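So the structure is just underneath, and the comments pick up after that.
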Amino acid sequence: MKISSQRAKLLERLQAEIKYNFQDIKLLNTSLTHSSYANENKGKNSVSNERLEFLGDTVISLVVSDYLYKRFSEFPEGELTKRRASVVCESSLAFAARKINLGEYLLLGKGEEATGGRERDSILADALEALTGAIYVDGGLKKTEKYLLGLFEQEVIYALSKGTLFIDYKTELQEVLQKKTKSRIEYKVEKEVGQDHNKKFYMNVIVENKIIGSGMGRNKKEAEQMAAKQALLKIGEING
């Protein structure tokens, strides 16, 4: 499948986002090609990301297993298995995909596009697995490991130690504040910056008419999570 100049620029932006430059750009493009798009464009030699997804699933499991094995030497096999399962589950992988705005780069068929496929957990999780598989084929295990564990920088260490890539800071904040106050927690958008394809939302979390945390994200849900995280940092419930 030939890659247009416009598509190439989009893929350049994703490579900058994940801090990995592909030797074979077609491999990256294939990792982002959903089966619905491939089926609609068979005449253009379009190939879906399903084979890379299969490979990436195994690679993610290996990297996470290795990390947990080395970091938690005191855990028995059963606990390691439980934590690995929570890390590689669909919701965690979809959350990771949203962190790099992966949905924006997907090639989807008309039906999937029309029904919100870019935000569907299953599609995002599969795409993250496929992207991981593509990096593994293109650059090998060490570079793939660096990409995966560097995806959230320091945050991934905290997240993995809790057994999941997704930490629901909003729920944590609500549980903490419920012990201290009965006041309602509100999340309000302070401002929106940027064009539609690269918009950033700035969010405040408010209790008793006071801003207790602020955060930024590529969508409102992510911005809310980051605002709640800052609030938890301020009150000393988590470490930065």
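Following the UniProt record's numbering, the numbering of the sequence shown begins with 1 at its first residue and continues without gaps. Glycine included, C-beta positions come from ideal geometry on N, C-alpha and C. Every value quoted in this text rests on a predicted model; they were computed, and no experiment measured them.
Q: Compare the C-alpha of residue 3 against each of 18, 14, 30 and 15 and name the closest.
A: 30
**Q.** 8 Å Cβ cutoff met for residue 80 and residue 68
**A.** yes
(Q) With distance defined between alpha-carbon atoms, name the residue in 10, 19, 219 and 6 nearest to residue 132. (A) 19
(Q) Per the DSSP calculation, residue 213 is bridged to which residue(s)? (A) 205
Q) Are there 16 or more other CB atoms within 10 angstroms of the CB of residue 33, so buried, or fewer, so exposed? A) buried
**Q.** Inter-residue CB distance, residue 227 and residue 213 (contact presumed, cutoff 8 Å)
**A.** 5 Å
Q. Closest to residue 38 by CA distance: which of 54, 194 and 111 is it?
A. 111
Q) Helix, strand or coil: how does DSSP classify residue 107 here? A) strand
Q) Does DSSP classify residue 188 as helix, strand or coil? A) strand
Q) Excluding five sequence neighbours on each side, which residues of the same chain lie with their C-beta closer than 6 Å to the C-beta of residue 40? A) 109
Q: Go to residue 23, then tell me how far its alpha helix (DSSP H) extends in each direction, as first and last residue.
A: Counting along the chain, residue 23 falls outside any alpha helix (DSSP H), and DSSP gives it neither H nor E.
Q) Is it right to say residue 217 is buried, meaning 16 or more other beta carbons lie within 10 angstroms of its own, or is it exposed? A) buried
Q: Let me know if residue 193 comes out buried or exposed under the rule of 16 or more other beta-carbons within 10 Å of its beta-carbon.
A: exposed
Q. In terms of alpha-carbon separation, which member of 209, 76 and 187 lies closest to residue 229?
A. 187
Q: Assign residue 210 to buried or exposed, taking buried as 16 or more other Cβ atoms, counted over all protein chains shown, within 10 Å of its Cβ.
A: exposed
Q) If you draw a straight line from the C-alpha of residue 49 to the C-alpha of residue 35, how long is it? A) 7 Å
Q) Quick one: is residue 71 buried, meaning 16 or more other Cβ sit within 10 Å of its Cβ, or exposed? A) exposed
Q) Are residue 234 and residue 189 closer than 8 Å when you measure CB to CB? A) no
Q: Output yes or no for whether 8 Å exceeds the beta carbon distance between residue 59 and residue 144.
A: yes
Q | Delimiting residues of the alpha helix (DSSP H) encompassing residue 51 | A | 50-71
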